[in-house]
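Chemist: Note that the protein sequences, when read in sequence, are chains Y and B. Numbering-wise (this note's numbering), the first sequence opens with residue 207 and increments by one. Numbering-wise (this note's numbering), the second sequence opens with residue 207 and increments by one. C-beta: ideal position from N, C-alpha, C; glycine also. Just so we're clear, the structure is a prediction, and the values are computed from it rather than from any experiment. Can you read through this structure? Questions will come right after.
Protein chains: 2
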Amino acid sequence: MRRITTIAFDADDTLWHNENLFEEHHRKYCQLLSEYHDAQTVETTLFRTEMRNLELYGYGVKSFTLSSIETAIKLTDGAIPAEELRRIIDFGKDMLAHPVEVFEGVPEVLQTLSQDYQLILITKGDLRDQERKIAKSGLSQHFEHLEVVSEKNIEDYARLFRKRHIDPAEILMVGNSLKSDILPILELGGSGVHIPYHLTWEHERIEDPPHTHNRFHELKSIAQLPALLISLNS
Amino acid sequence: MRRITTIAFDADDTLWHNENLFEEHHRKYCQLLSEYHDAQTVETTLFRTEMRNLELYGYGVKSFTLSSIETAIKLTDGAIPAEELRRIIDFGKDMLAHPVEVFEGVPEVLQTLSQDYQLILITKGDLRDQERKIAKSGLSQHFEHLEVVSEKNIEDYARLFRKRHIDPAEILMVGNSLKSDILPILELGGSGVHIPYHLTWEHERIEDPPHTHNRFHELKSIAQLPALLISLNS
């Protein structure tokens, strides 16, 4: 197997908490609509709205906020008072303004690995919001390249690696989403390290991890990454 | 003066129509709120909301839609029915789904210039929306690099040119916004070509074009660009 020279990291829920903010929004949102519908109906309808709007809106908090407003109007047949919709806007602003909570051990691991590997960060979502989170995280100095992409399909990764003149076979991608971070890299001939987060958005869920794939690895914590790399490259 | 090797183009209102869609939204929006307030009050309040949200939201249609909803709630003291807010969401979706109307002559000019210059496209706004417009425009094959940025300050341009290993003194930037496209480039030692669009968003307006600056040029149409470059580089 080719020697790994580059480690690519996903950001949200891989280097810092993110999905917990969405969960908190969901909780407050279901509460807001609880006089109209049960939480399950609210969740299902919101998810359908998000999926219908995904191509047009893309990922991120602003898209989520717009879909939340649209869903609330639909679920109440327009009966929801504007002031309650205003609260949904405020939920979104709170998410955007929230501090970035970097996982324990991440700065040390990046510091260690950056001595022997080219590190790049590849995150999908809203440009302004992702750039702000990268800045707030205090981690940007560890990365050679910071890439905010609108989607994480095989074609998107292939284009990005071509642009950076990196052979996918030399890349190890680290992330919490099998669908967005791991499977495309394996398909391109690279290696993947899955580090699950305790929450996964329904859109990112897949049934079967590729446990038998010889370039697939699963870790409980990012702190185990340096040891894995030593074993892979020895 | 240094020979120009790279031409950087702004996109919205430089290569294709954009501000006209926002104007159309403004017209429908003022109409929607006309039973509550006169158009001038609506416009002023919307602009203030947008400016207050700019740091958090960034540019683009989704940000504009969210600020439009927030302003409508504020201006009606929460009395606006949810169904009317739903119409504001639809205005935004219409803008995102709108065809891209490339200016006359643009493909030919890019084709001509790409034979002698490295062309790059630098556009600010929402990542997904700008990528979609670039794709819809059918112009991407003329550009060596396509850059979507969240802001167009001097520091943002300097970082981008460093990343691409381009000396600003060899760059000619073409755009409709003096503030975002022209002044930062002149400051960095490059050249700027201002091609005004018939509409300018208030946030992009500045009082005095730098007419006496020896690296500043103003053209009526992009069709005049090849001739300008011949005179500059001869």
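What in chain Y is Cβ-close to VAL354 of chain B, meaning under 7 Å?
Modeler: LEU333
Chemist: Could you name the residues that DSSP lists as bridge partners for GLY398 of chain Y?
Modeler: Y:MET379 and Y:PHE422
Chemist: Please report the distance separating the alpha-carbon of MET379 of chain B from that of ARG254 of chain B.
Modeler: So the alpha carbons of these two residues sit roughly 30 Å apart.
Chemist: Given a limit of 7 Å on CB to CB distance, which residues of the stretch 237 to 264 of chain Y reach chain B?
Modeler: LEU262, TYR263 and GLY264
Chemist: Where does ASP218 of chain Y sit, in a helix, a strand or coil, going by DSSP?
Modeler: Residue state, collapsed to three classes: strand.
Chemist: Considering Cα atoms alone, identify which of Y:VAL355, Y:LYS280 and Y:TYR363 is closest to ILE190 of chain Y.
Modeler: Residue 190 of chain Y cannot be examined here, being either before or after the span of chain Y that is shown, 207 to 440.
Chemist: Any C-beta of chain B within less than 8 Å: which residues of the stretch 281 to 310 of chain Y qualify?
Modeler: THR282, GLY284, ALA285, ILE286, PRO287, ALA288, GLU289, LEU291, ARG292, ILE295, GLY298, LYS299, LEU302 and ALA303
Chemist: Taking DSSP's pairing of strands, which residues face LYS268 of chain B in a bridge?
Modeler: Beta bridge pairing from DSSP links LYS268 of chain B with no other residue.
Chemist: Measure the beta-carbon distance from ILE210 of chain B to LEU435 of chain B and round it to whole angstroms, keeping in mind my assumption that it falls under 8 Å.
Modeler: 7 Å
Chemist: Between which residues of its own chain and GLU290 of chain B is the CB-CB distance below 8 Å, once the five residues before and five after are set aside?
Modeler: So the list reads LEU238 and ALA278, once near-sequence residues are dropped.
Chemist: With a threshold of 9 Å between beta carbons, is THR271 of chain B in contact with chain Y?
Modeler: yes
Chemist: Starting from ILE391 of chain Y, follow the beta strand (DSSP E) in both directions and report where the run begins and ends.
Modeler: Not the beta strand (DSSP E): ILE391 of chain Y falls in the alpha helix (DSSP H), residues 389 to 393.
Chemist: From B:VAL267, B:SER240, B:GLY264 and B:HIS348, pick the residue whose C-alpha is nearest to that of PRO313 of chain B; which is it?
Modeler: B:HIS348
Chemist: Does DSSP classify VAL248 of chain Y as helix, strand or coil?
Modeler: helix
Chemist: When you compare only the Cα positions, how much space is there between CYS236 of chain B and ILE372 of chain B?
Modeler: 45 Å
Chemist: Quick check: what's the CA-CA separation for LEU352 of chain Y versus SER273 of chain B?
Modeler: Cα-Cα distance, rounded: 29 Å.
Chemist: Between ALA214 of chain B and chain Y, is there a C-beta pair that is closer than 9 Å?
Modeler: no
Chemist: If you run the structure through DSSP and keep just helix, strand and coil, what is THR277 of chain Y?
Modeler: Helix.
Chemist: In terms of alpha-carbon separation, which member of Y:GLY284, Y:THR282, Y:ALA288 and Y:LEU281 lies closest to GLY284 of chain B?
Modeler: Y:ALA288
Chemist: Three or more C-beta pairs closer than 8 Å, one from the stretch 222 to 229 of chain Y and one from the stretch 397 to 406 of chain Y: is that the case here?
Modeler: yes
Chemist: Please determine, among Y:ASP335, Y:ARG292 and Y:ILE328, the residue with the shortest C-alpha to C-alpha distance to PRO305 of chain Y.
Modeler: Per the C-alpha coordinates, the member of Y:ASP335, Y:ARG292 and Y:ILE328 positioned closest to PRO305 of chain Y is Y:ASP335.
Chemist: Please look up how many angstroms separate the CB atoms of PRO390 of chain Y and ASN359 of chain Y, rounded, as I've assumed it's under 8 Å.
Modeler: 6 Å
Chemist: Between ASP216 of chain B and the rest of its own chain, which residues show a CB-CB distance below 6 Å, the 5 nearest in sequence each way excluded?
Modeler: GLY381 and ASP387
Chemist: Does DSSP put VAL315 of chain B in a helix, a strand or coil?
Modeler: helix
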